[in-house]
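The listed protein sequences correspond, in order, to chains A and B. Residues 1 to 589 in my numbering are what the first sequence lists, from first letter to last. Residues 1 to 612 in my numbering are what the second sequence lists, from first letter to last. The beta-carbon is built from N, C-alpha and C at its ideal position, and this holds for glycine as well. Computed from a predicted model, the values in this text were never measured in an experiment. Here the structure is laid out as structure tokens; the discussion comes afterwards.
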Amino acid sequence: MSRQNLLPRTAPFGDGERASLDAVLGTASPTQRAWLAGFLAGLDAAGGQPAAVPAAPPKAAAPLTVIYASESGNSEALAGNVAKLARKQGFKPKVVDFADLDLATLPKAGKLIAIAATWGEGEPPARAVRAYGELMGEGAPRLDGVEFAVLSLGDTSYAEFCAIGKALDARFEALGGKRAAERADLDLDFEKPAADWIKGTLKALAPADASDNVVAVDFARAAPGEDDDVEPSREPLVVEVVEHVNLNSSRSDKETIHLALAFEDGAPAYEPGDSLEIFPENDPQLVDEILNAAGLTGDEALRKALLAERDITTLSAATIERFVKATGHTEAQKLIDSGEAKAWIEGRHLIDLLAAYPAELTPEHVTTITRPLPPRAYSIASSRKEVGDEVHLAIVAVRYEAHGRARAGVASVHVADRIRDGAKLRVRLKPNRHFRLPQDPATDIIMVGPGTGVAPFRAFVQERRAIEAPGRSWLFFGDRHFLHDFLYQLEWQDALEDRSLTKIDVAFSRDQPEKIYVQDRIVQNAKELVSWLDGGAHFYVCGDAKNMAKDVRAAVVKAYETVKALSPAEAEAQVAALERSHRYQQDVY
Amino acid sequence: MDDHSPRDTAETQATAPAKRVYETPPTERPITDAEAARAAQLAANEHIKIASGYLRGTLADGLLKHATGAISEDDGQLVKFHGMYMQDDRDLRPERTKKKLDKAYSFMIRLRIAGGVITPKQWLALDHIAVTYAGSALRATTRQTFQYHGVIKANLKRTMAAIDATLLDTIAACGDVNRNVMAATNPAQAGAHKAAYQLAKNISDSLLPKTSAWREIWLDGERVVGGEEEAEVEPVYGRTYLPRKFKTVIAVPPSNEVDIFAHDLGFIAILDKQNQVTGWNVTVGGGMGMTHGEPDTFPRTADVMGFVAPEDAIRVAEAVMTVQRDWGNRKNRKNARLKYTIERYGLDAFRAEVEKRIGKPLGAPKPFAFTDNGDRYGWVAGDDGRYHLTLYVPSGRIKDIADGPQFLTGLRRIAEVHQGDFRLTGNQNVIIANVPAEKRAEIDALVDEYGLTRGASALRRNSLACVALPTCGLALAESERYLPDLMTELEESLASHGLAEEPITIRSTGCPNGCARPFISEIGLVGRGPERYHLYLGAAHDGSRLSKLYKEDVAASEIRNTLDPLFADYAKGRQPGEHFGDYLIRAGHVARTTNGPDFHARTGALKPAAQS
């Protein structure tokens, strides 16, 4: 398309208007443009009104600060959406990552939107820990005169749903801020309600005299070509599985599936560090159990919907409430009233609710009670420079027993048990610009990735091999048993051989009486590790957020402490400085 | 009950063909370093030894290569001198590459336990190591020691440190050196056993490599600086050690449980009427290993070289070993064992050189008689009033078997209460030795509680199997995992001919290297390929005569059918007390093997066995 776009997106016009103006101005000669400029200036000076009223810009652009605490990138993307829409409405938005947030700037923010994800058991995203701690601490500045609104993202399958957003909302108020819009607590299917919330909140924050010519933007389905700034499609793509192999030995008690996915029309432009979302299907056996428990066996339409569209696993307090509302189940109501619901749902799933509180349900009930089946994101384990139009993933099958029932991770076990070579999967790229190789290929990298946490580092090493990066690379890998769980062992051997990997240290927890983890290897190698970091190395951690990532960080602090003879606080400051300069990056889950 | 007259090997020597022409031995000519390095045709292992810096190689560095469970190929040869073999789980091989995994490498670690005697305290420590690092199994070997399987590289140093803490070691348990020295266990002859054990221990200690490499590499010991002179570092071995492995045993007649004829060097106790040792007959040149399809390689039974007084025994051992060090073939490892040296130069020349080195002549061999090479199961009273219980351990595998005997746990419990000692036998069994009369009941109760077998069928009591698959890199077929099933079939067959209680030796190995000494077993099975075995018959029951290849490449499923008519014939035609191996020769089924050089002559069935 040869359309010329003269007007910036920040111009105070709607999309259609901008297109019309571009159509005229794009072909205008310099003389024509000069005449038009003079004409319009003269018209305004004479107090004349144009016949058709365009979106009038606010008298002065109102500053708006959008802060986000993001782990997987969703909050960050929404913050971008807020800024985009705000700009069109005459705000002057500034987007700040919690990782870079200087609290002293907040009292002057005037208008503040916070978008915060809640992670794990009610914790802030890793990058936000510092600023969040400061904000909650005694030294936080007063926010008198600041108008704020909080959007919180979470997952109802965790007990502390949206805890961080709730805490921020309360904290801003306690510090003297004025709530401009009610907080929204959103589950995994946040896209539509988030767009609505943003619209409403900006309206609430808008200066009283601002035009209400609001441009509606459908964030969930931004049609390509509508915008100059072409974003990757949010529509899932269908890919073919071309390799499906369990990387663990037949003697292992673990099962890690290596998947190679082929994109028919070319792989999306992913970078090492990005993730890929898989749209899973539910276990047909579980679907049948649910249908049976609901008395809906034989409803083929519902069965189909439950297989691919509804989350039939998660059980939250909200699920029970919806269940009670739909069925009027008195026993279940008692569970809520007793205050025991929160404890009861621990380790239980929807099927347990239906089994414990039998009820005749309609298909509509089932849809109301359940939420849409969310995709699951996995760190990409390949570089396009090495695998072309493929994406590789490493997915560990999650299986365990709880409350007398075998449980299975929805996506991981779908991939492990029901996907084979030649099968199709629906996927979507999920970029992660906070987990990136250094710009300079000569920079050293240290990678800590136990278990499937090693996936992005396979991508890193492939990438650096392809571009013949001169920087050194050091991998810390760990799992249970050396013989049976050493993911991609042969590839690491090749990488050491061709020098795309400089050094590897391994920690296998169950090969000896005492448990050895990657953090122990970090402490053992403290001197060399600190020397690499002093030389400018970037440090990456991928994998378990609950324990590993914290233990690894503590080990790095410890390394500074011992090698440089620092106090714990001084060593902590060194690591915090690494984080602020984005040399300590995490992709944890 | 046994009127089979034990074969006097010295007599055989006299009847052997006299016209044999031997090469002139390289007397007075020990090889020098310079000579060794110049000799372009030296076997590859000789160069590895020369370059190794007294068995160090690059082992210390190799242990730091964390991405691989293996060590370098050259280090893989050197590590044998330290008592280990690098192996990989061959059951897992097919899946590994597809899973992007390297071969499942691990190490077999063999201990040096001279005479096979260990204390209960050592037993408990070895048991703990097995549980911690080696898949909860100890394997009693055919050479009176224990080996561990499945120790991964990352755990080698920990395991070696734990072994060191038991006051045992693994030095020279494998490799081109004098390996673990075996001794008769017969506790009934307490005095003779004591002498045999003491000689085994003394030989093992005096012929031990002196390099500090073992302590340095495995225990982080300091490298001894300055002691680089060969005469100081390895005064006996020198930097190239021996041309090949060297195995020494001590026997006390009438039991040949140590299989003296299968070893490079042996001492046979000559007893007076009080069962005291008056001296030793010295045997040389036995050995089992051969290579399929290479008739230049063959098993050989040892010759009785002469008689030595007790005080000279150690010097004779060292002299025999150093003559082999100097005369042995270093160009061709398949021709390097002492048995080939003796075949090349003749026993007389060899004896003369040994006599020269000890500075006195050997005496003429004294008469002796062996009855068998098996163990005595159950309780035996010693002549010192103590009791000894021999337990049958199938293939020497000490582990807990699901729904079966709990060998590992049971023996641990016994070790916790036992005040005597344990003895490992050359037949892969365990003796709970030196039990006072009043402790017997307690031991018996534990044996019953854990289902430890005190005996089994006559066939099983006389069986040996090497490890073979999945860990042994040399195995061509199953052995330890197959022999029990085969014996079940053969037991039926034997019983149908009234032979259930007839002691017949049966041994299987996965390859022709002969770890379970199959070529001196009345029934010998040697792996050829998956489920294919060469069947050897006609050996002497006491281990003094080699067998003969009776049938090539027998399918596992056909072994019973092949043996059944021979069992039937034996049941009908045997003379009182006549053993199976002897009968097959007398009845003309298979030719008698005189010794190694005619092992490959007149093979095959000499007449069709009657169909039963």
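Subject >> Proximal chain A residues relative to His66 of chain B, where beta-carbon distance stays under 8 angstroms >> reply: Numbered from its first residue, the second sequence carries residue 66 of chain B at position 66. Simply Ile504, Asp505 and Val506.
Subject >> Partners in chain B for Val245 of chain A, counting only beta-carbon separations shorter than 9 angstroms >> reply: Position 245 of the first sequence holds residue 245 of chain A. By Cβ distance, chain B contributes Lys98, Lys99 and Lys100.
**OP:** Please go through the same chain and pick out, in chain order, the residues whose beta-carbon is closer than 6 angstroms to the beta-carbon of Trp379 of chain B, but skip the five residues on each side of it.
**Re:** As a position in the second sequence, residue 379 of chain B is number 379, starting the count at 1. Answer for Trp379 of chain B: Tyr387 and Leu389, listed in chain order.
Subject >> With 16 other Cβ atoms within 10 Å as the buried cut-off, status of Arg465 of chain A >> reply: Here residue 465 of chain A corresponds to residue number 465 of the first sequence, with the count starting at 1. Buried, by the Cβ-count rule.
**OP:** Taking a Cβ distance cut-off of 9 angstroms, strictly less, list which residues of the region 130-143 of chain B are near chain A, in chain order.
**Re:** Thr132 and Tyr133
Subject >> Ser493 of chain B versus Ala262 of chain B - alpha carbon distance >> reply: Taking the first residue of the second sequence as position 1, residue 493 of chain B is located at position 493. Taking the first residue of the second sequence as position 1, residue 262 of chain B is located at position 262. About 29 angstroms.
**OP:** Please check if any C-beta of chain A sits within less than 7 angstroms of the C-beta of Ala381 of chain B.
**Re:** Numbered from 1 along the second sequence, position 381 holds the residue referred to as residue 381 of chain B. Chain A contact via Cβ: absent.
Subject >> Check whether Ala240 of chain A and Lys385 of chain A have beta carbons under 7 angstroms apart >> reply: Looking up residue 240 of chain A in the first sequence gives position 240. Looking up residue 385 of chain A in the first sequence gives position 385. One point to set straight first is that residue 240 of chain A is Glu, not Ala, in the sequence displayed. Contact: no.
Original post:
Could you give the residue range of the beta strand (DSSP E) that holds Asp553 of chain B?
Top reply: For the purposes of this step, residue 553 of chain B is taken as the residue at position 553 of the second sequence. Lys548 to Ala555 is the extent of the beta strand (DSSP E) around Asp553 of chain B.
**OP:** Helix, strand or coil for Arg87 of chain A, going by three-state DSSP, please let me know.
**Re:** Taking the first residue of the first sequence as position 1, residue 87 of chain A is located at position 87. Three-state DSSP puts Arg87 of chain A in a helix.
Subject >> Rounded separation between His414 of chain A and Ala318 of chain A - CA only >> reply: For this step, residue 414 of chain A is matched to residue 414 along the first sequence. For this step, residue 318 of chain A is matched to residue 318 along the first sequence. His414 of chain A and Ala318 of chain A: Cα-Cα distance of roughly 26 angstroms.
Subject >> Best match in B:Gln189, B:Pro608 and B:Glu222 for proximity to Gly385 of chain B [C-alpha to C-alpha] >> reply: As a first step, residue 385 of chain B must be located in the second sequence, where it is residue number 385. The option with the nearest alpha carbon to Gly385 of chain B is B:Gln189.
Original post:
Quick one, which residues of the region 510-539 of chain A are near chain B if we go by CB-CB under 7 angstroms, in chain order?
Top reply: Asp511, Gln512 and Pro513
Subject >> Per-residue DSSP class, three states only, for Leu389 of chain B >> reply: Locating residue 389 of chain B in the second sequence gives position 389, counting from the first residue. It is a strand residue.
Original post:
Where do the ends of the beta strand (DSSP E) carrying Leu261 of chain A lie?
Top reply: For the purposes of this step, residue 261 of chain A is taken as residue 261 along the first sequence, with counting starting at 1. Per DSSP, Leu261 of chain A belongs to the beta strand (DSSP E) from Thr256 to Ala262.
**OP:** In angstroms with no decimal places, state the Cα-to-Cα distance between Asn595 of chain B and Glu514 of chain A.
**Re:** Taking the first residue of the second sequence as 1, we reach residue 595 of chain B at position 595. Taking the first residue of the first sequence as 1, we reach residue 514 of chain A at position 514. In a straight line, the C-alpha of Asn595 of chain B is about 55 angstroms away from that of Glu514 of chain A.
Subject >> For Thr86 of chain B, the three-state DSSP class (helix, strand or coil) >> reply: Counting from one through the second sequence, the residue named residue 86 of chain B turns up at place 86. Position check: residue 86 of chain B holds Met in this sequence, whereas Thr was assumed. Three-state result, Met86 of chain B: strand.
**OP:** Would you mind stating whether Gly191 of chain B and Gln324 of chain B have Cβ atoms separated by less than 7 angstroms?
**Re:** In the second sequence, residue 191 of chain B corresponds to position 191, counting from 1. In the second sequence, residue 324 of chain B corresponds to position 324, counting from 1. No, the Cβ-Cβ distance between Gly191 of chain B and Gln324 of chain B is not below 7 angstroms.
**OP:** In the DSSP assignment, find the unbroken beta strand (DSSP E) run with Arg423 of chain B in it and report its ends.
**Re:** For the purposes of this step, residue 423 of chain B is taken as residue 423 along the second sequence, with counting starting at 1. Taken as a continuous stretch (DSSP letters only), the beta strand (DSSP E) holding Arg423 of chain B covers Asp421 to Leu424.
Original post:
Got a sec, what are the start and stop residues for the beta strand (DSSP E) His538 of chain A sits in?
Top reply: Within the first sequence, the letter at position 538 stands for residue 538 of chain A. Element bounds for His538 of chain A: His538 to Gly543.
Original post:
Got a sec: is the Cβ-Cβ distance from Ile152 of chain B to anything in chain A below 7 angstroms?
Top reply: Sequence index remark: in the second sequence, residue 152 of chain B carries index 152 (1-based). Answer yes: the Cβ-Cβ gap between Ile152 of chain B and chain A drops below 7 angstroms somewhere.
Subject >> Reference Ala140 of chain A, options A:Leu168, A:Ala116, A:Ala149 and A:Pro125, closest by Cα >> reply: Against the first sequence, residue 140 of chain A aligns to sequence position 140. Per the Cα distances, A:Leu168.
**OP:** Run down chain A in chain order and give the residues with a C-beta less than 8 angstroms from the C-beta of Glu95 of chain B.
**Re:** The residue given as residue 95 of chain B occupies position 95 in the second sequence. In chain order: Ser249 and Ser250.
**OP:** Look up Ala56 of chain A in the DSSP assignment and say whether it is helix, strand or coil.
**Re:** As a working note, residue 56 of chain A is residue 56 in the first sequence. Any reading at Ala56 of chain A needs caution, since the residue's pLDDT is 46, under 50, leaving its predicted position unreliable; the model's value is listed next. Residue state, collapsed to three classes: coil.
Original post:
Excluding five sequence neighbours on each side, which residues of the same chain lie with their C-beta closer than 7 angstroms to the C-beta of Ala69 of chain A?
Top reply: On the first sequence, position 69 is the one that residue 69 of chain A refers to. Correct list, in chain order: Ser75, Phe98, Ala116, Ala117, Pro124, Pro125, Ala128, Tyr132 and Ile164.
**OP:** Tell me, please, whether the CB atom of Leu393 of chain A is closer than 7 angstroms to any CB atom in chain B?
**Re:** Counting from 1 along the first sequence, the entry for residue 393 of chain A is found at position 393. So no, Leu393 of chain A is outside the interface.
Subject >> Min CB distance Leu175 of chain A to chain B below 7 angstroms >> reply: Stepping through the first sequence from its first residue, residue 175 of chain A is reached at position 175. It does not; no Cβ of chain B falls within 7 angstroms.
Subject >> Within-7 angstroms CB hit, Ala161 of chain B to chain A >> reply: Within the second sequence, the letter at position 161 stands for residue 161 of chain B. Answer no: the Cβ-Cβ gap between Ala161 of chain B and chain A never drops below 7 angstroms.
Original post:
Hey, is Ile115 of chain A's beta-carbon within less than 7 angstroms of any beta-carbon in chain B?
Top reply: On the first sequence, residue 115 of chain A is found 115 positions in, with the first residue counted as 1. Not one chain B Cβ lies under 7 angstroms of Ile115 of chain A.
**OP:** Could you name the residues of chain B that Leu491 of chain A contacts, counting a contact when the two beta carbons are closer than 9 angstroms?
**Re:** Residue mapping note: residue 491 of chain A aligns to position 491 of the first sequence, counting from 1. Checking the displayed sequence, the identity of residue 491 of chain A turns out to be Glu instead of Leu. What Glu491 of chain A touches in chain B: Lys100.
**OP:** Could you name the residues of chain B that Leu291 of chain A contacts, counting a contact when the two beta carbons are closer than 9 angstroms?
**Re:** Taking the first sequence and counting its residues from 1, the one referred to as residue 291 of chain A is at position 291. The premise fails here: Leu291 of chain A is roughly 37 angstroms from chain B at the closest Cβ pair, so nothing lies under 9 angstroms.
Subject >> Leu205 of chain A and Lys111 of chain A closer than 7 angstroms at C-beta >> reply: Residue mapping note: residue 205 of chain A aligns to position 205 of the first sequence, counting from 1. Residue mapping note: residue 111 of chain A aligns to position 111 of the first sequence, counting from 1. Yes, they are a contact pair.
**OP:** Write down every uninterrupted run of the beta strand (DSSP E) in the region 143-196 of chain B whose length is 3 residues or greater and which is fully enclosed by it, in chain order.
**Re:** 146-151
Original post:
With a cut-off of 8 angstroms, do at least 3 Cβ pairs link the region 318-329 of chain A to the region 347-363 of chain A?
Top reply: yes
Subject >> Separation of Val316 of chain B from Lys356 of chain B, as counted between CA atoms >> reply: By 1-based counting over the second sequence, the position of residue 356 of chain B is 356. By 1-based counting over the second sequence, the position of residue 316 of chain B is 316. So the alpha carbons of these two residues sit roughly 10 angstroms apart.
Subject >> Neighbouring residues, chain B, relative to Leu496 of chain A (Cβ below 7 angstroms) >> reply: Locating residue 496 of chain A in the first sequence gives position 496, where the first residue counts as 1. Near Leu496 of chain A (Cβ distances below 7 angstroms), the residues of chain B are Ala67.
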